[in-house]
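A.B. asks: Here the protein sequences come in this chain order: A and B.
Taking this note's numbering, the leading residue of the first sequence gets 10, the next gets one more, and so forth.
Taking this note's numbering, the leading residue of the second sequence gets 2, the next gets one more, and so forth.
Note that beta-carbon positions come from the ideal geometry of N, C-alpha and C, so glycine has one too.
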Amino acid sequence: CISCPDPCGTSLCETRNGQTNCSHCEPITLELCMNLPYNYTSYPNYLGHRTQREASVSWESSLFPALVQTNCYKYLMFFACTILVPKCDPHTNQRIPPCRTLCVQSKERCESVLGIVGLQWPEDTDCTQFPDENSENQTCLTPDEDVEECSPSHFKCRSGRCVLASRRCDGQADCEDDSDEDSCGCRERGLWECPLKKLCIKHTMICDGFPDCPDMMDEKNCSFCGKDELECVNHECVQRELWCDGQADCSDSSDEWDCVTLSKNMNSLMFLTVHRSAVDNHVCADEWQENLSQLACSQMGLGVSTEENPVIQLQQGGPFKTEIVLVDGEMQHQKWLNLHSDWKSKNVSTLHALLVNGQMCRSRSKVALLCTKEDCGHRPAARMNKR
Amino acid sequence: ILGGRTSRPGRWPWQCSLQSEPSGHICGCVLIAKRWVLTVAHCFEGRENAAVWKVVFGISNLDHPSSFMQTRLVKSIILHPRYNRAVVDYDISIVQLDEDINETSYVRPVCLPSKEQLVQPDTYCYITGWGHMGNKMPFKLQEGEVRIISLEQCQSYFDMKTITSRMLCAGYESGTVDSCMGDSGGPLVCEQPAGRWTLFGLTSWGSVCFSKVLGPGVYSNVSHFIEWIEKQIYIHTFLMN
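1) For the beta strand (DSSP E) containing L360/A, name the first residue and the last one.
2) Taking the straight line between their C-alpha atoms, what separation do you get for E142/A and Q114/A?
3) Is it true that the segment 126-146 of chain B meets the segment 105-114 of chain B, where meeting means three or more beta-carbon pairs spaced less than 8 Å apart?
4) Contact criterion: CB-CB distance below 9 Å. Does T159/B meet it with respect to chain A?
5) Indicate the three-state DSSP secondary structure (helix, strand or coil) for E383/A in the structure shown.
6) For the candidate residues E185/A, K207/A and D187/A, whose alpha-carbon lies nearest to that of C195/A?
7) How many Å lie between R109/A and V94/A at the Cα?
8) Which same chain residues, not among the five before or five after C380/A, have their C-beta less than 6 Å away from its C-beta?
9) In chain B, what lies closer than 7 Å to W266/A by C-beta?
10) So what's E299/A in DSSP terms, helix, strand or just coil?
11) Using a Cβ-Cβ cut-off of 9 Å, state whether L39/B counts as contacting chain D.
12) Using the rule of at least 16 other Cβ atoms within 10 Å of the residue's Cβ for burial, across every protein chain shown, is V172/A buried or exposed?
13) Look at the alpha carbon of Q324/A and the alpha carbon of A377/A, and state the distance between them as a whole number of angstroms.
14) I want to verify the contact list: residues of chain B whose CB lies under 8 Å from the CB of S286/A, in sequence order.
15) Could you confirm whether any beta carbon from chain A is found closer than 9 Å to the beta carbon of S180/B?
16) Ordered along the chain, which non-local residues of its own chain (more than five positions away) have a Cβ less than 6 Å from that of L45/A?
17) Count the C-beta pairs between the segment 75-87 of chain B and the segment 153-160 of chain B that are closer than 8 Å, then say yes if the count reaches three, no if not.
18) Looking at the C-beta of D384/A, does it have a partner C-beta in chain B at a distance below 9 Å?
19) Per DSSP, which residues does D224/A bridge with? Please list them.
20) Is the beta carbon of I227/B closer than 9 Å to that of P122/B?
21) Should the segment 38-54 of chain A be regarded as contacting the segment 64-78 of chain A, the criterion being three or more beta carbon pairs within less than 8 Å?
22) Is the distance from the Cβ of R118/A to the Cβ of L85/A below 9 Å?
23) What are the start and end residues of the alpha helix (DSSP H) that includes Y82/A?
24) Terminal residues of the continuous alpha helix (DSSP H) containing V38/B?
25) Under 8 Å: do the segment 151-167 of chain A and the segment 34-44 of chain A share three or more Cβ pairs, one atom per stretch?
26) Should the segment 19-37 of chain B be regarded as contacting the segment 94-103 of chain B, the criterion being three or more beta carbon pairs within less than 8 Å?
27) Of the residues that make up the segment 133-160 of chain A, which ones have a beta carbon closer than 7 Å to any beta carbon in chain B?
28) Using beta carbons (cut-off 9 Å, strictly below), is E46/B in contact with chain A?
29) Taking F280/A as the reference, give the member of A287/A, H291/A and S286/A with the closest Cα.
30) Are the C-beta atoms of W93/B and some chain A residue less than 9 Å apart?
31) Whole alpha helix (DSSP H) runs in the segment 40-81 of chain A with 4 or more residues, listed along the chain?
32) Scan the segment 228-258 of chain A for residues whose Cβ lies nearer than 7 Å to a Cβ of chain B and list them as they occur along the chain.
33) Does any residue of chain B have a CB that is nearer than 9 Å to the CB of Q324/A?
34) If we cut at 9 Å on Cβ distances, does V336/A have a partner in chain B?
35) Could you work out which residues of chain B lie near Y358/A, taking near to mean beta carbons separated by less than 8 Å?
36) In chain B, which residues lie less than 7 Å from G180/A when you measure between Cβ atoms?
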């Protein structure tokens, strides 16, 4: 006893009731049959599949696309789809069968081809179950002249034969007239070509925040941000000063990613670095506490802080707001952040939201941490039995 | 799992069962952190409401709950925004539990690979689950050893679908060991140096596993999704409270 489809409500079917009176029209989602002259189907189909998902992984869903490549019958794919995703009558919500002639001709022309490779025609396709074309009391489906002979997963050769779409432009001729290797540029195929690698992607994938080209060129030059702005991963522009302020300003929150990191210095100590306003800052150790170390480690996706004394005392200089350091041979001002004076009462979940700039670091110490990764992937040791 | 064997209890401590009433076990899932679980997006088709789900850990026999079992409710379900049900691409989702699990020898997280860490063809890995065995649904967790297959070779088995870089194939041409209905969302793990087990795949789709057409199983390629997983966990932990 299984749940009826949504239009019937969510109550369980009564015993023996099965899915009677549950039939409804639903949009066709089966990739193989997306180019039919109808868009709605009704389940179960004529092969006994209860859902389109079940149909999509069925033996028949593999069989028919393979068989159609043999060019055994022009309307084989149309027939296959009328039994995999039967047309739904919007008035009665009932499925409309293929006509018997279509079934008979498909079987007559293609069954023998299957026999050559030792396979059998699907058992559930007994053509006598389908009505005759001239039947007065039942409608049935026949192909129009202009029906698509190939499924969306296939490429139609100039000769009319269907070959797998994945074999188009693969450098090897699969159509007898080599037409599957013609016009192989992305543009000719309605796709966009990654500039450096000859990879074709859909136009909808350009500037959508997910890199698809190996060099990420599909996500470049997607926005024109002002001088004081930075580009979010989804290509919105956000004020530089709002970067890593503890509040998500990009709608994908990317201005708040990777705000807290650890940077090595020459002694291999890991200094805590906060990327406030798109500039890396050290963190002054004034008032630093153990729970802040734990928060920092956790924010970096690392387990717990293992450093008992995470504060590094600097040797020279007085209380400072900036420190001059050598970066790639150039003198640069290294900025500092301090804990907010009332950080303990602030209700925030990130470390960087507790920090402010422009204050003196009285202790002249910066925070350094050692975080350990949480344990993973270990199975308990096998138990030993004395024999 | 087809062609597998019953697992010793506790052997796969990251395996969990995604359950919903009245059916009980619907899909497998994998513990990756104290409050986070991975599974596939198609498990939630028509059931995206977090309130109808619970996640069971530390269980071996679905019919006999043990004292090692832990159950958590689901706080939120994060489906991959590019998940496409028609072609079963980007089939991955993250589940946030309502509270942390207690780590025991029966309930432990698996390691995640890095973005660059790819499993090589011909590597032998393990799949686990309570899915169909070909002749019956098991009560006890099953395990099976499968071989990683290159995407090119895998494409040759599946005429009707495109095998994308978001997918990983594993199994055998003859389909002797394969995942099956009910294993979805469960782990494909490979042993790494120092005896660490790393999650490279999540059971996603394949041919009808006990039909005449066999071939390998197709798994969501976890390495491909690492950055997305990390960002989502960060956003939901630190930015959404």
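C.D. replies: The structure says:
1) Careful: L360/A lies outside any beta strand (DSSP E) and carries neither H nor E.
2) 13 Å
3) no
4) Correcting the residue identity first, residue 159/B is Phe in this sequence and not Thr. It does: the Cβ of F159/B has a partner Cβ on chain A nearer than 9 Å.
5) coil
6) K207/A
7) 17 Å
8) C306, L311 and S314
9) K232 and Y235
10) helix
11) Absent here is chain D; the protein component of the structure consists of chains A and B.
12) buried
13) In this prediction, Q324/A has a pLDDT of 47, which is less than 50 and means its spatial position is unreliable; what the coordinates show is noted afterwards. The alpha-carbon atoms of Q324/A and A377/A are separated by roughly 15 Å.
14) Neighbours of S286/A on chain B: none; closest Cβ ~18 Å, over 8 Å.
15) no
16) C90
17) no
18) yes
19) BP columns for D224/A are empty, so no partner.
20) no
21) yes
22) yes
23) Here Y82/A belongs to no alpha helix (DSSP H), and DSSP marks it neither H nor E.
24) Premise fails: V38/B lies in the beta strand (DSSP E), W37 to T40, not in any alpha helix (DSSP H).
25) yes
26) yes
27) none
28) yes
29) H291/A
30) Just to set this straight, residue 93/B is Ile in the shown sequence, not Trp. Answer no: the Cβ-Cβ gap between I93/B and chain A never drops below 9 Å.
31) 61-65 and 68-77
32) A257
33) Confidence in Q324/A is poor, its pLDDT being 47 and thus under 50, which makes the residue's placement unreliable; the coordinate value appears in the next sentence. It does not; no Cβ of chain B falls within 9 Å.
34) Reliability of the predicted coordinates at V336/A is poor, the pLDDT of 46 falling under 50, and the value obtained from them is presented with this limitation in mind. With 9 Å as the cut-off, V336/A does not count as an interface residue toward chain B.
35) According to the sequence displayed, residue 358/A carries Ser and not Tyr. By Cβ distance, chain B contributes T238, F239, L240 and N242.
36) None at all; the shortest Cβ gap to chain B is about 13 Å.
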